[in-house]
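Numbering (my numbering), first residue to last: 24 to 355.
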């Protein structure tokens with residue numbers, strides 16, 4: 024029998040609801056070809072069903088074959104075709120194989136890939152694939168790649184990343200095979216991905232123009248998601264809302280060069296918040312550094328602001344400062 028004939032035999036051995044759930048995972052062309060074979064079959068022997076079911080299990084172990092379906096569907100197929108008694112050992116073997124797959128963290132290797140290669144690769148990929156890849160990178164790497172994408176693609180990836188949680192092994196397997204052949208070698212894994220929080224962190228790392236454009240687009244198309252992401256983001260403007268004690272703690276940790284560059288584009292009110300938490304001499308020296316500073320690229324200003332933001336987050340994690348992240352948030 025051909026693979027398509029075997030698929031037809033397997034599907035005909037299942038009840039209609041389960042067979043339909045399998046067919047939903049197939050491409051239209053596959054459905055047409057397999058349906059043609061199904062219409063030609065008038066009877067199926069028990070031996071043929073068992074042989075096809077066992078071959079399906081072997082293919083499932085290798086994560087290949089015609090039918091690529093979710094784990095629960097695969098289990099139901101085996102149970103229906105072989106019965107619970109014979110299926111038990113096979114399902115155990117499938118679980119063991121799944122565990123082996125999950126132990127190979129292929130996506131961690133992406134962090135060592137040249138960002139330019141990743142940029143070129145993701146430009147040609149489906150948004151879901153790109154979202155899955157970005158979710159496994161460090162935020163600063165993901166931000167660099169996001170900035171190279173079109174505004175339309177950026178918005179689509181924000182939506183998809185925000186909805187990523189537990190990713191099916193078969194989806195990761197498909198992406199992993201592509202990565203293996205074009206970028207790296209290894210095996211796929213299933214892992215938990217923090218969608219909205221990670222997306223907020225990536226936006227924090229992007230340049231202000233791209234960040235604002237994405238959030239603005241989201242405000243129009245998905246205001247609830249925009250509000251959720253905005254609530255998790257932490258910007259340089261939020262630093263200026265620090266209480267005096269926290270501001271003083273932060274100023275002891277940042278370099279004068281970064282501070283001067285970061286404040287170059289800040290309005291007078293924001294600068295005054297910093298100056299008042301410094302010694303008189305320190306404030307005068309900082310004012311002079313800002314006034315005497317030659318023109319600098321906006322990207323350099325944002326780099327210094329991000330450096331201070333990173334320091335701020337570290338101090339918060341250490342319990343040395345308190346951040347007010349939402350409008351109206353306060354300590355009482």
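We put the beta carbon where it would ideally sit given N, CA and C, even for glycine.
For residue 225, the secondary structure class from DSSP, reduced to helix, strand or coil, is helix.
The closest CA to that of residue 238, considering only 249, 162, 264, 229, is found on 249.
Per the Cβ contact rule, the stretch 286-306 is not in contact with the stretch 339-347 (fewer than 3 Cβ pairs under 8 Å).
DSSP places residue 257 outside both helix and strand once states are collapsed to three, so it counts as coil. In the three-state DSSP reduction, residue 308 falls in the helix class (H, G or I). In this structure residue 179 does not touch residue 138 by the C-beta definition: roughly 21 Å separates them, more than the 8 Å allowed. Residue burial annotation: residue 328 is buried, with at least 16 other C-beta atoms found within 10 angstroms of its C-beta.
Taking every protein chain shown into account, the CB of residue 140 has fewer than 16 other CB atoms within 10 angstroms, so this residue is exposed.
Rounded to the nearest angstrom, the gap between the Cα atoms of residue 32 and residue 75 is 7 Å. Inter-residue distance for residue 277 and residue 283 is about 10 Å (C-alpha atoms, whole angstroms). Judged by DSSP secondary structure, residue 299 falls outside any alpha helix (DSSP H); it is assigned neither H nor E.
Considering only 142, 64, 232, 53, the residue with the shortest C-alpha distance to residue 322 is 232.
Ranking 185, 156, 166 by CA distance to the CA of residue 198 puts 156 first. Beyond the five residues adjoining it in sequence on each side, residue 161 comes within less than 7 Å, by CB distance, of 134 in the same chain, given in chain order. Restricting attention to 334, 143, 184, the CA atom closest to the CA of residue 172 is found in 143. Between residue 332 and residue 79, the alpha-carbon positions lie close to 53 Å from each other.
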